[in-house]
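Throughout, my numbering is defined as the position within the sequence shown, counted from one, plus 3.
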Amino acid sequence: MSNCAIVGINWGDEGKGRMVDLIARDYDIVCRYQGGNNAGHTIVNEYGKFALHLIPSGICLPGVVNVLGNGVVIDLESLCGEIEALQNAGVPITPENFKISERATIVFPYHRALDGLEEARLKDKKYGSTLRGIAPVYSDKYQKKTIMMGELLYPAYLEKRLASILEWKNLTIQNVYGAEAYKLEDMLAWCREFGSKLAPYICDTSKYLYEAEKAGKSIMFEAQLGALRDIDFGIFPYTSSSSSNAGYACVGAGIPGSHVDRTVGIVKAYSTCVGEGPFTAEWFG
């Protein structure tokens, strides 16, 4: 079985979750490789109906391992809520069937706050953010001022890194937006509360995927949103802040670039749009 990337052709909301839920039965691993909890994949099965914002859509399938790759940005609180909801419905989630890249980036509460503050500043010129902190956290990532999931496992180092980042971040929060600064002790407590629940799942997913593929396992790469929300090829600036195309699958999953054998594009019979911004055809009636 070849490796496959599932991507949206439009603005997201094409039904990728449903298609992944169907196609993933033929794969050993489902890997989310970009985005955060700013969009959801809806799946319906014997456990119930779920809107998955972070956890890959293969989580309910027996024998399928689900991976959050290094290209994903993770709100710890949101992910813990998803895990709890699924487990309460009877879905088994263990370190054997769910793995989080140690290099995935954490979305902090101040990222969410900055998202809202910037949209409020823009007023009628706003981009239509989902207010989940996605643009601020990807911006920080490329400035090398974020915390990775693996750093949660080293509290002393985490405190030192977060103190430096928060000192820098509060300059923007206070001096640009006039908002209240975030306290280091509050952010560390947030990390302890939710990070401790996620620690068992954190690992070197690049190594895991490499060894799994070497052992003959097949991988499905799951994208979020659609091509017209891609940061490079979408309708700029009304895009997301990551690459939702198949070409980013290997980068966001942490495997060699030649390891996606085919791509399946999902398209709707009629177009709808996640978020705001211009549409190819609009009815203003």
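Positions of the beta carbon are idealized from the N, C-alpha and C atoms, including for glycine.
**Message:** Please give me, in chain order, every unbroken run of the beta strand (DSSP E) with length at least 3 that falls completely inside the segment 72-108.
**Reply:** DSSP runs (the beta strand (DSSP E)) wholly in the segment 72-108: 76-78, 101-104.
**Request:** Go ahead and label G260 buried or exposed: buried means 16 or more other beta carbons lie within 10 angstroms of its beta carbon, across all protein chains shown.
**Result:** It counts as exposed.
**Request:** Quick one: residues in its chain with C-beta nearer than 7 Å to the C-beta of G43, no 5 flanking neighbours on either side, listed in chain order?
**Result:** If we look at G43 and ignore the five residues flanking it on each side, its Cβ neighbours are A54, L55, H56.
**Asked** The alpha helix (DSSP H) with G198 in it runs from where to where?
**Response** 187-201
**Message:** Which residues does DSSP list as the beta-bridge partners of H44?
**Reply:** For H44, which the question treats as bridged, DSSP gives the partners L55.
**Message:** I need the straight-line Cα distance from I86 to V68, nearest angstrom please.
**Reply:** 15 Å
**Prompt:** Do L187 and L169 have their CB atoms nearer than 8 Å?
**Reply:** yes
**Contact belief for G257 with G72 at Cβ below 8 Å, rounded distance in angstroms** = 6 Å
**Request:** Compare the Cα-Cα distances from L117 to each of K126, A252, T108, L134 and report the closest residue.
**Result:** L134
**Message:** Do I269 and I9 count as a contact pair if the criterion is CB distance below 8 Å?
**Reply:** yes
**Rounded Cβ spacing between Y141 and S244 (contact assumed at less than 8 Å)** = Their Cβ separation, rounded to whole angstroms, is 4 Å, which keeps Y141 and S244 in contact under 8 Å.
**Request:** Could you check the C-alpha separation between D16 and S167 for me, to the nearest Å?
**Result:** 38 Å
**Prompt:** What three-state label does DSSP hand I62 in the structure shown?
**Reply:** Note: I62 maps to coil in three-state DSSP.
**Request:** Indicate the three-state DSSP secondary structure (helix, strand or coil) for L228 in the structure shown.
**Result:** Here L228 sits in strand by DSSP.
**Prompt:** Do three or more CB pairs link the segment 22-30 to the segment 235-250 at distances below 8 Å?
**Reply:** Touching, no, given that fewer than three Cβ pairs across the two stretches are closer than 8 Å.
**Asked** Going by other Cβ atoms of all chains shown within 10 Å of its Cβ, with 16 needed for buried, is W14 buried or exposed?
**Response** buried
**Request:** Report buried or exposed for T149, applying the criterion of at least 16 other Cβ atoms within 10 angstroms of its Cβ.
**Result:** buried
**Prompt:** D143: which of E183, I109, D207, P158 sits nearest, CA to CA?
**Reply:** Scanning E183, I109, D207, P158 for the CA closest to the CA of D143 turns up I109.
**Asked** Alpha carbon to alpha carbon, how far is P112 from I32?
**Response** Distance between the alpha carbons of P112 and I32 is about 31 Å.
**Message:** What residue range does the beta strand (DSSP E) around I32 cover?
**Reply:** 32-35
**Asked** What's the C-alpha gap between L120 and S81?
**Response** 20 Å
**Item:** Exposure of N178, with buried meaning 16 or more beta-carbon neighbours within 10 Å
**Value:** It counts as exposed.
**Prompt:** Would the beta-carbon of A107 fall within 8 Å of that of V75?
**Reply:** In contact: A107 and V75 (Cβ atoms closer than 8 Å).
**T266 - partner residues in DSSP beta bridges** = A8
**Request:** Quick one: grab the DSSP three-state call for I205.
**Result:** Three-state DSSP puts I205 in a strand.
**Prompt:** Under 8 Å between the Cβ atoms of M152 and E105?
**Reply:** yes
**Message:** I need the DSSP call for G119, collapsed to helix, strand or coil.
**Reply:** helix
**Item:** Selection from Q37, N41, E99 that minimises the alpha carbon distance to I62
**Value:** E99
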